Structure formats: C-alpha cells, structure tokens
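Below is one structure, written out as structure tokens, with a few remarks after it.
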Amino acid sequence: MRWLRRHILMGLVVTGFVVSLALGFDTLSGASDVVSHLLDENTVWPATRAEDGLVRLDGALARLAADPTPQHGAAVVDQIAILQDRLAVLESGEVAAHLAEDGVDGQVRTLRDLVTALAPLADGLAQGDAAAAERALALVQPAVAPTEAWILEVQQGHRDHLQAHVESRTRAIWLVVVALGGLVLSGVIFMLMLTLEIRSGRRKTDAAEASHMVAAAAELRLKDAIEAIPEGFALYDADDRLVLSNQRYRNIYRASGAAIVPGATFEDIIRHGVERGQYAEAVGNEEAWIAERVARHRSPSGPIEQRLNDRRWLRIEERRTSEGGVVGVRVDITGIKRAQDLLSRAEQIADLGHFNVDVASGETVFSAHLYRILGLSAKQAASTNLLMDRLDETDRRQLARALEGTRREGRAFQGVFSSVEIDGEPRWFVVNLAADAGPSGEIQEILGTVQDITAQKRSEEELAAATSEAEAANAAKSQFLSIMSHEIRTPMNGVAGALNLVERHRLDPHDAEMIDLARRSADRLRIVLNDILDFTRMESGRLDLEPVPFDPRAFLREAKAFWMATAAEKKLRLDWTVDVLVPERLVGDSGRLRQIVDNLISNALKFTEKGGVRISLDVVHEPGTDATETVPTHVVRLAVADSGPGIAEADRPKVFADFSQLRAGGAVALTGSGLGLAICRRLCAMMGGSIDFFSEPGRGSTFVVEVPLSVADAATVVRRPLVGAPGETAPAVPKGLRVLAAEDNPTNQVVVRHMLERFGCIVDLAGNGREAVDAVAARPYDFVLMDVSMPVMDGMEAAGLIRAQHGARPPIIGYTAHAMMDDRRRFREAGMDAVLAKPVQPDELAATIAMVLEGLPAEAQGADAGRPIAGDAAAAPALDGADSMFDPETVDMLKDSLDPETYELVVHQYRSDVAVILEALDTAYRAR
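Reminder that position 356 of the sequence shown reads as 355 in numbering that gives the first Met the number 0, one-by-one numbering, no gaps.
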C-alpha cells in the first residue's frame, strides 16, 4: 500500500510535473519565437536608416542653398527618394506593428507628411532653384532633432521588448527544468533520480549556453546597427562609465582614442583629450571647461555645439536612459558652420543684412550684420518697425506699402532710401523684399535684405565732382592750347614766311646754310607743335576722322615724292609698290593716313644710314559676301621697311609709348616730341585698325599698318594727291590777280604781301575783318586771303558778311593759328572755300589759290592740317624744250647742291617713277 500510495503520490506528483512541463515548454516556445522575431524584425535598423536619410537630405539641401546648381539639385531629389523608400519599410509589415505597439509610430507619420510637403518643390530643387532649397530647408531642418530623439525611443523600446521576452523565456526554461527534475525525483529510484538529476543539470547548462548565444547574437546585431550609424554614438551607464561606442565616435575624437574604452569614465575620456589640446574651447581654461562639460553631460538639457582643435564643429545630442545612463550622438556640422561663416562674410563684404518675417505669427528674425547696419544692439527684439524707424515719414510709408504688397500678393520690391541717419550721418540703403509661398500658394514668409550703399553713393558723388573738375580742367586746357597755338603759330608764320622769302634770293653758301638751318628748325618746331596738339585732341576726344574718297596709288606716289629729297640727301633708295588687288578708289581719312605714312617714312629715313626704305601697299582681306555689307570693305596693309640698325626686343614697349624716344643705334637720342608713333597707334585704333612692327637688330625694321577701308563708288570724285612736295613745281598762279590779304599781325602782313607779290599778285592789306568787308564792298577782288583771328571782327564773321553781300565770289582762303579747331566745316559754313594752318608754305598757298580759282572746294588735311587736298596741281604750262624748262641760275644752284652720285640717284629714281606712271596710264587708256 505504501508503494501504491507512493506510486499514486508519485503519479500525482508526476502528473503535476507533467502539466508544469507542458506549460513550461509552451511558454518557452512562445518566448523563443518572440525573441527570434524581435531579432529578425528589428525596428532600430530601419528607423536609423530613415533618420540617416533625413540628415543626408538636410546636408544636401544645405549644399544646394550654398551653391544652387542642377547637380546639387539632383542630389537633393535623390535623397528625397531614398527617404521615401526607407519610410515605406517603416510603414509596412511587422516593423510598423512593433512601432505602433511601442507607441513610437507618430514620427513615421510626421516624416511621411514631410516627404509629401517636399513633393511640390521637387522640380525646382532638381533645377537648382535656390528659393526652393531655402523653402525645403525650412521644412526639413525642424524635423531633424525630433527624429534623432525618436531614434532613441525606438532603440529603447526595442531593448525593453527584447529584455522582457528573454526574461520570459528564462522563466519558462526554469519551469521546464523544475518539472523535469520533479519527474526524475518522483518517478525513478534514487539511482534513476540521480541519473535524471545529472541529465537535468546538463539540460540546464545547454539552456544557459543557448540563452547566452541568443543574447550574444542580439548584442552583436545591436552593435552592428550602432556601427552603421553615420554619426558618433556612445552609451554611458549610471556610473558615467562607457558601455559602448561606435568607430565613428572614436574617429571624431582621435586625440582621445586611447582613452575611449569600455569602463572608462566620461571625465577621464575628455580630460585625456584636453591634455592633448583636442578641444579648442578649453585652451587656457581647462579645469573650468572640464567641470562645465561634465555637468552638462550628466544633466543633458539640449543640443550643444563643440569646436575641436582641427577646426571641425560638432553638434552633441545627449539624453538620459531609463537606467540612469546617458546616450549621446555626435554629428559633424563643419560644412554647415563653414557655409554659415561664408554667408556671414559675404554679408559683411557686401555690407548686406537679411531678415525674415513669419506672416502668420509676425515673428521677425534679423541677421547679425543687419543689426550692425542699423546700428542696433543684437539684444533688441527684431521687427520691421526697427527698420522703418530709421526712415523719414515718406520713406516709411513707402516701405510699409511694399511690405503689405509682399505679404498680401507676394510682390517683389526693391527701393533705395536716402533719408536714414545712423550715428548722426546720412546713410543710403537698398531694401529688397520677396515672398515665400507654401504648397497651396499662400504667403508664409517675407524675405528681405538691406544693403548699406553709403560708400558707393559717396563714391558716385565724389566721382561726379571729380568728373566735373576734370571737364573744367580739360576745357581750360583746351582753351589754353588754343590760345598757345595761336600765340606760337602767329609769330612762327612770320618767321617761316620770312625765311622762305629770304631763301629765294641768291645767297652765299654760308648764309644759305644758316637760312636752311633756321627753316628746318622752324619746320621741326611746327611738327612738334602739331604732334602735341594732335595728342591733346585725341586725349580729350575732340579729334574726328574725315573719310573722303582718294586714289591710293596717287596717295603713295605723292608721299614718296615728298620725301624723295630727304632720301637723296642721305643717298638712300626710296621705293614703293602697290599690289594689283588694291582698289583704284578707297574711302578713308587720307590726311590722317598721310600723317601716319609721313611719320613712318620720316623715322625710317632718320634711322637709316645706308641702303634704303621701301613702302608697300597691299590687301590683307578682301570683302566677304555678307548681305548686310552695303559697301565692300578691304583690310589694307601699309608696310614701311628700312635697312637701319633695327630695334632691340627690350625696347619694344617703348616704341609706341607716349613721349618716348628711342636712341639711334643706342647712341644719340632723336629729336622730336616723342609722340609720333604714339599718335600713329591712336589714329590706327580710331580707324579700327592696328600698327605693329617686327625688327632684327642690325638688319632693319618693318612697320606694318592694317586699316579697314571701304571702296569708293565709281562715280565718286576722288581727292587728288597732296601738293607741295619738296622739289616739285608749285601750281602756276595767274599773274596780275588782285588780292585782299586780311591780317592783323604786321610781320605776317609783310610775309603774306611779299609771298603773294612773288606770285605776281596785286595785294591790298586789311588789318581786321571789318576793314576786309569794307574793302570787298569797295573793290572787286580775285580772291581774299583771310586770317581767322583778328580784332574788331574775326575772319569767320567777315567771311559770312562777304558771302551774304556778294554771293560765292570772291573766293575766300582762310588761314589760322588755331590748330585746336578740328571741325573745319565751321570755317566752310562761314563762307570760306579753303583753310590753311599757319605757318603757310608758298607751295601750299599756290596750290590752294589754283584750286579755289578753278571753283573746286578745298579742305585742309594731313599731319599739319594745313596742306590742302587739291585737284591735280594746275597743269604746268607747255614747255618747248629743256632751255625753257630751267633757267641757268637754277641749274647752277642744283649743281652746287648735289654731287654727281646723288644727282644720278635722283634722276634714276625719277625715271623709275615716271616709267611706272606711264605704264599705269597706258594700261588705263587701253582699258577704256
């Protein structure tokens, strides 16, 4: 019975243990399934990835705002798509269920609303729209901090669930073990019970190992998740000892790396870094900084910013855990801080501040630089009234209307306000307003900038004052030069004229040499004066080009003839060629072109001691077929090559410099103003062309001028070559002409009278314009020679009265010392038929007389603005033979002046020129 009772009791016990065993197994199975499910369906990983996507989106938007380009815009759109995908994981399956169970699914909906709000901005972001980037930043940045806090909640909820189910499984295991132990103890004999106990012990060991493995796997997964976080992560326990940290955390604090080990206290870790200068903020105040940092770590209240010694910036987010520990995240915000610093510097450089006004709340935010611009303390609460208080009543009303228009209708505005006074000084501001609209189009925010342009305004005022002073000075300079031109040219005319008259008399060699030296000095003075006046006119913009049709071949032929005597004097060759492609008629300022050519030939002859000078004219570029070109234009190239000493490359910068003179062969400085080539360069530029040179020391130089010239119409009357070249026969002036010479200067009266009398003219003198008008009214004259500047009545007024009273006759030839008067049309409009510049050369005067008597208009041109553009010099009278061509006295003078070698050179050159002319004439004749 005892055995039965024992068995019955054992059966009851076994039954109880069996029931307990069944319940334990069931509980163990459920707990294991839940633990496995929690490990498989981990909510921390997808939540962390979503938070990572949000932070990366925030960074991409910051880069787009700093540099609005389509490339940065595309990166933002990609980040939005990634965030959407990661949200989809959080919103589906067991992950969503676990989040809902933990009560932390609200942030998922918030992120979904954020993505939805970003959708309308996608197109603008993709195109790199800075405004879209700013609006997107305004949406994204407020969501970053809550999302980071939410991650901690998700992690904590996951750990709590995992820990609870692990504990439940542990209890189930214990229940099974107890039940099995009871069965062993109550179901078998002692030995069997012993065996069962041994087996039970083994099972306990296996269960412990399994539990340890599960816990280890869970810990490994958690560590992997933490390592995958792109920010630094650290967990400290309630004793402020490090539990774990990820590699990113250790990389951030590289100087403290040796101290960042589990078990180390937070204070020991940061002290290790302070001792190595890791924290820029702690330098010089180490202990106080450590104490403050430890206090903030143990009682975290919000994000803080930390600057390291390598100029990196961190944002630190720390939170207390339920166990009393501290979990912290370190985010590298160096890029954001640099962008903010660049923005601040840009505002300082531009002297520009900005402000934002929230339309709904009226909250206003000023930038730090705007406070400085307005002279306000940063402690003052920002408002648009602070800005308007700086304005007077009129400007205040204008800005108020602009703000209202932007708030209601989104109208952009820009205004300049000048009635602002800060620190007692008047200031100038530019205010810009723009609106930021929400997804539905409602105005949410007013964006404004204020730029201080006081310095710019003052500079403009100073510039205007300086410009006015410069214009006044320039006018005074022009007036001074005009007066000086008159005062110098008037006596110079008398000197040059007297020298010309004396030179025509037979003189002994010594006197002739002295007279020639004086005449050359006067010519040199005239050239220097002309250069200075031309240069001054160019600087003041008062030199105008006068394009006229001309014959380029006759132009070049006359230039050669003019310089032939100089070349012969130095026993140099002077050749010229014109390419067959050069048109017969071109349109350009032949006077200024002649000035360029004369300067280049003069320099070439001046530098060259043996050999010669060659002038060539060809076409570089012929006209195209552009239908818009109504007049064909050629780029004509004029080259003057010499066999002189050449120009060193080191002297190239000096060649076209103002007031610069090179030395011939590096020895003696040349005479002149140093402006000739500088004027040539400016004239070429005015014509739309260029001038340059190439040279080889010891072998000569070649100066090349390229200018665009249009082709003259075939029916256009071509200006014929200049007259008055040395050695040429002046056009014949008919004998017995009655001439009125109006000149107030006694010396010039003598010179003009003798010059005209040598032409065979009968001369009457008038001392001023009024006397000239009266004389013409009293007697008919063949022509009048009229000085422009005279007392009582000037030459222009006198010419006008003569024309009004007597019509087109008599012809009036004006001459003036006022070389500053560029627009000679004024003289012609006053009634003059031609104008010469003092000093007047006899040949120039003869050519002009011949022209006006033919009834052709004449106008001055050339470097001196005094040599008239005439028709072919009046044809020389027919000569019966050599005896009637030259008088014996002239032949004797020629023989005394030229040695046989030079004479042969001149004759040879003349014959070559005549042959070319005859060939061209024959070709033209046969072509007709």
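Think of the CB as a built atom: it goes at the ideal place given N, C-alpha and C, for glycine as much as any other residue.
Note that the structure is predicted; figures quoted are calculated from it, not measured.
Span of the alpha helix (DSSP H), counted from its first residue to its last, around residue i
i      : result
Val612 : Careful: Val612 lies outside any alpha helix (DSSP H), inside the beta strand (DSSP E) at 611 to 620.
Ala553 : 551 to 568
Thr383 : 383 to 387
Phe606 : 589 to 606
Gly799 : 794 to 805
Asp842 : 841 to 853
Asp712 : Careful: Asp712 lies outside any alpha helix (DSSP H) and carries neither H nor E.
Ala684 : 675 to 685
Coarse secondary structure for residue i, derived from DSSP in three states
i      : result
Met785 : strand
Asp435 : strand
Pro141 : helix
Thr204 : helix
Ala873 : Low confidence applies here, because Ala873 scores a pLDDT of 31, under 50, leaving its location unreliable; read the following figure in that light. Ala873 falls in the coil class under three-state DSSP.
Val654 : helix
Ser244 : strand
Val704 : strand
Asp236 : coil
Arg1   : For Arg1, the predicted model reports a pLDDT of 48, less than 50, meaning its position is unreliable and no value from the coordinates is stated.
Leu544 : coil
Thr466 : helix
Thr815 : strand
Tyr909 : Bear in mind that a pLDDT of 44 at Tyr909, under 50, signals an unreliable position, so the number given afterwards is only what the model happens to contain. Helix, per DSSP.
Val430 : strand
Ala148 : helix
Asp763 : strand
Asp331 : strand
Close Cβ partners of residue i (< 7 Å) along its chain, the five nearest in sequence each way excluded
i      : result
Leu342 : none
Asp743 : Gly766, Asn767, Asp786, Met789, Pro790
Pro261 : Leu241, Val242, Leu243
Arg591 : Leu544, Leu682
Cβ-based neighbour list, residue i, same chain, cut-off 6 Å, excluding 5 preceding and 5 following
i      : result
Ala281 : Val273, Trp288
Pro707 : Thr632, Val634, Gly687
Asn250 : none
Ser366 : Gly352, His353
Thr453 : Arg426, Trp427
Range of the contiguous beta strand (DSSP E) that encloses residue i
i      : result
Thr448 : 442 to 451
Val577 : 572 to 577
Ser689 : 689 to 695
Val750 : Careful: Val750 lies outside any beta strand (DSSP E), inside the alpha helix (DSSP H) at 745 to 757.
Arg636 : 632 to 641
Val772 : No beta strand (DSSP E) contains Val772, which is instead part of the alpha helix (DSSP H) from 768 to 777.
Gly584 : Sequence inspection shows Arg at residue 584; the Gly mentioned does not correspond to that position. Per DSSP, Arg584 belongs to no beta strand (DSSP E) and is neither H nor E.
Own chain residues within Cβ distance below 8 Å of residue i, not counting five before or after
i      : result
Ser896 : Low confidence applies to Ser896: its pLDDT is 40, below 50, so where it sits in the model is not reliable, and the reading given next is rough at best. Nothing listed; no residue qualifies.
Val775 : Leu739, Val783, Ile801, Gln804, His805, Pro809
Val654 : Ile646, Leu661, Leu676, Phe692
Ala121 : Val76, Ile79
Status (buried if at least 16 other CB within 10 Å, exposed otherwise) for residue i
i      : result
Pro790 : exposed
Val356 : buried
Lys378 : exposed
Lys837 : buried
Leu432 : buried
Ile761 : exposed
His164 : buried
Pro69  : exposed
Lys559 : buried
Arg314 : buried
Glu286 : exposed
Glu444 : buried
Ser589 : buried
Ser255 : buried
Min CB distance residue i to chain C below 9 Å
i      : result
Gln154 : Within the model displayed, chain C is absent; a lone protein chain is all it includes.
Residue i: CB within 8 Å of a non-hydrogen atom of the ligand GTP
i      : result
Ala290 : This structure lacks the ligand GTP, and indeed carries no ligand of any kind.
Worksheet item: What are the complete alpha helix (DSSP H) segments, minimum 4 residues, inside the stretch 50 to 138?
Response: 69 to 89, 92 to 101, 105 to 117, 121 to 125
Practice prompt. Identify every run of the alpha helix (DSSP H) within the stretch 263 to 326, keeping only runs that are complete inside it and at least 4 residues long; order them along the chain.
Written response: 265 to 274, 285 to 297
Practice prompt. Would you list, in sequence order, the uninterrupted beta strand (DSSP E) runs of no fewer than 3 residues that lie entirely inside the stretch 333 to 372?
Written response: 351 to 357, 363 to 365
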